[in-house]
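Notes follow once the structure below has been shown.
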Amino acid sequence: MRRFLVHKANITKAIARFIVFAVIFFAGILLHAATVYKSGVTASYYADKFHGRKTSSGEVFNMYGYTAAHKTLPFGTMLRVTNLANGNYVTVKVNDRGPFVKGRELDVSKAAAVKLDMIKTGTAKVRIEILGKGEGGNAGTSGSSGSTANKPKATSTANSQVKLEKGALYDIQLGAFSKKENAVNLAQKLLRAGFKNVSYQKTQTATRVSVTKVPAEKVRQMQEELRAKGFTQQVVRKRKS
C-alpha cells in the first residue's frame, strides 16, 4: 500500500511538472507570435535636415540615435525592425509621428538605416516586431539573421569622405544629445578609451560630443581608431579659424 502511494505521488508530481512546462512552452509561442506587428511593409529614413528639430513627442530628433516615426503606435514603444532583404535588424524607440508618404509604414533615424543597410536604396521591406514599452535603454541593439560571409562591414560613418585641407584642424563629432548628461556619459567613455581633446559643445538644439583639433593628415587615422573602439557614428567638421 505504501509503495502504491509513493508511486502515485511520483506520477502526480510528473503530471504537475508536465503541465507547468506545457503552459510555459505555449505561452512562449503565443507571446512570440504576438510580437510580430507587420511584415513586408515599407520603411524609409529621415532626411538629414530634420536633425535637431522637435519630434511629435517633444523630444529633439537625433539622426545618430535609434528612433522611429509611426502613425499610431504609442510613444516609447520599442520595436525590432528587420530588413527582409538581408536579415539585418535594429531596435528603435517610437518618438515621432509619420511617415506621411503613401505606402510607407515606418521612418527610422539615419543611424538605424545604416544598421539595416538601406542607405543606398532609401527604402526597404521590413518586418516590425513590438518589444514593449521602454525608455530606449536597448535602442540600437542590432545584428543580422542572415549570412555575413563576404559581406563588407558597415562603418556607420557620416561624411567620411569629406575633403581635407592641408594645414587645417578638424573636429570629429561622435554624438549629439538633447540631454546634457548623455553627452557627458559619451565624453567620459571616450576619455576612458584613451582619446584626448574630448569636448562637448551646447547648441540651441543639442549638445555635441567631439574629438577636437585633429590635424588634417591625422583625421583618417583617428577615424579608424575611433571605429576600432566602437565609436562608429562620426561627422567630420573643419574648425573655424
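Taking this note's numbering as reference, the numbering of the sequence shown is continuous, increasing by one, and the terminal residue is 551.
Every residue, glycine too, gets a C-beta built ideally from N, C-alpha and C.
Answer yes or no: do Leu536 and Leu484 have a C-beta to C-beta separation smaller than 8 Å?
Taking the sequence shown and counting its residues from 1, one reaches residue 536 at position 226. Taking the sequence shown and counting its residues from 1, one reaches residue 484 at position 174. With contacts defined as CB atoms closer than 8 Å, Leu536 and Leu484 qualify as a contacting pair.
Would you kindly work out how many angstroms separate the C-alpha atoms of Thr377 and Lys476, rounded to a whole number?
Here residue 377 refers to the residue found at position 67 when the sequence shown is read from its first residue. Here residue 476 refers to the residue found at position 166 when the sequence shown is read from its first residue. Roughly 37 Å between the two C-alpha positions.
Through-space distance from Phe410 to Met428, alpha-carbon basis:
In the sequence shown, counting from the first residue as 1, residue 428 sits at position 118. In the sequence shown, counting from the first residue as 1, residue 410 sits at position 100. When rounded, the distance between both Cα atoms is 19 Å.
DSSP three-state label for Met388, please.
Taking the first residue of the sequence shown as 1, we reach residue 388 at position 78. In the three-state reduction of the DSSP assignment, Met388 falls in the strand class, which pools E and B.
Here's a check: name, in chain order, each residue in its chain whose Cβ is nearer than 6 Å to the Cβ of Val346, leaving out the five neighbours to either side.
Here residue 346 is taken as the residue at index 36 of the sequence shown, counted from 1. If we look at Val346 and ignore the five residues flanking it on each side, its Cβ neighbours are Glu439.
Residues near Ala344 in its chain [Cβ-Cβ closer than 6 Å; skip 5 each side]
One-based indexing of the sequence shown puts residue 344 at position 34. Only weak support is given to the placement of Ala344: the predicted model assigns it a pLDDT of 39, under 50, and the value that follows is read from those uncertain coordinates. If you ignore the 5 residues before and after Ala344, its C-beta comes within less than 6 Å of no other C-beta in its own chain.
Do Tyr355 and Val418 have their C-beta atoms within less than 8 Å of each other?
The sequence position of residue 355 within the sequence shown is 45, counting from 1. The sequence position of residue 418 within the sequence shown is 108, counting from 1. For the 8 Å CB-CB criterion, Tyr355 and Val418 form a contact.
Rounded distance between the beta-carbons of Met388 and Ile441, thought under 8 Å:
Here residue 441 is taken as the residue at index 131 of the sequence shown, counted from 1. Here residue 388 is taken as the residue at index 78 of the sequence shown, counted from 1. The identity of residue 441 in the sequence shown is Leu, whereas the question assumes Ile. Rounded, the Cβ-Cβ distance is 4 Å, consistent with contact.
Secondary structure at Val436, three-state DSSP: helix, strand or coil?
The residue you call residue 436 lines up with position 126 of the sequence shown. In this structure, Val436 counts as strand in the three-state DSSP scheme.
Using the three-state DSSP reduction, which class does Val411 fall into: helix, strand or coil?
Translated into positions along the sequence shown, residue 411 becomes position 101. Under the three-state reduction of DSSP output, Val411 falls in the coil class, being neither helix nor strand.
Straight-line gap, Leu416 to Lys348 (C-alpha atoms, nearest Å):
Sequence index remark: in the sequence shown, residue 416 carries index 106 (1-based). Sequence index remark: in the sequence shown, residue 348 carries index 38 (1-based). Each residue's alpha carbon lies about 11 Å from the other.
By the 10 Å Cβ neighbour count, where 16 or more other Cβ atoms means buried, how is Gln533 classified, buried or exposed?
Counting from 1 along the sequence shown, the entry for residue 533 is found at position 223. The residue is buried, with at least 16 neighbouring Cβ atoms inside 10 Å.
Between Tyr480 and Lys548, which are expected to be in contact by the criterion C-beta below 8 Å, what is the C-beta distance as a whole number of angstroms?
The count along the sequence shown starts at 1 and reaches residue 480 at position 170. The count along the sequence shown starts at 1 and reaches residue 548 at position 238. With 8 Å as the limit, Tyr480 and Lys548 qualify as a contact, their Cβ atoms being about 6 Å apart.
Of all the options Lys489, Leu496 and Ala503, which has the alpha carbon lying nearest to the alpha carbon of Gln583?
With the chain represented from 311 up to 551, any question about residue 583 goes unanswered, as that position is not in the structure.
Beta-carbon proximity check, Glu510 vs Ala493, cutoff 8 Å:
As a first step, residue 510 is located in the sequence shown; it is residue number 200 there, counting from the start. As a first step, residue 493 is located in the sequence shown; it is residue number 183 there, counting from the start. First, the residue type needs correcting, since residue 510 is Tyr and not Glu in the sequence shown. Yes, the pair counts as a contact, with Cβ atoms nearer than the cut-off.
For the candidate residues Val521, Thr517 and Glu527, whose alpha-carbon lies nearest to that of Val508?
By 1-based counting over the sequence shown, the position of residue 508 is 198. Closest option to Val508, Cα to Cα, is Val521.
Start-to-end residues for the beta strand (DSSP E) that takes in Leu484:
In the sequence shown, the residue the question calls residue 484 occupies position 174. Its beta strand (DSSP E) spans residues Leu479 to Phe487.
If you run the structure through DSSP and keep just helix, strand and coil, what is Asp406?
What you label residue 406 is simply residue 96 of the sequence shown in a count that begins at 1. Here Asp406 sits in strand by DSSP.
Which listed residue (Ala357, Gly386, Gly362 and Asn495) has its alpha carbon closest to that of Lys430
Residue mapping note: residue 430 aligns to position 120 of the sequence shown, counting from 1. Ranked by Cα distance from Lys430, the first of Ala357, Gly386, Gly362 and Asn495 is Ala357.
Rounding to the nearest angstrom, what Cα-Cα distance links Asp406 and Gln498 in this structure?
Within the sequence shown, residue 406 is the residue found at index 96, counting from 1. Within the sequence shown, residue 498 is the residue found at index 188, counting from 1. Near 29 Å, if we compare the C-alpha coordinates of Gln498 and Asp406.
With DSSP collapsed to three states, give me the class of Asp358.
Numbered from its first residue, the sequence shown carries residue 358 at position 48. In the displayed model, Asp358 falls within a helix according to three-state DSSP.
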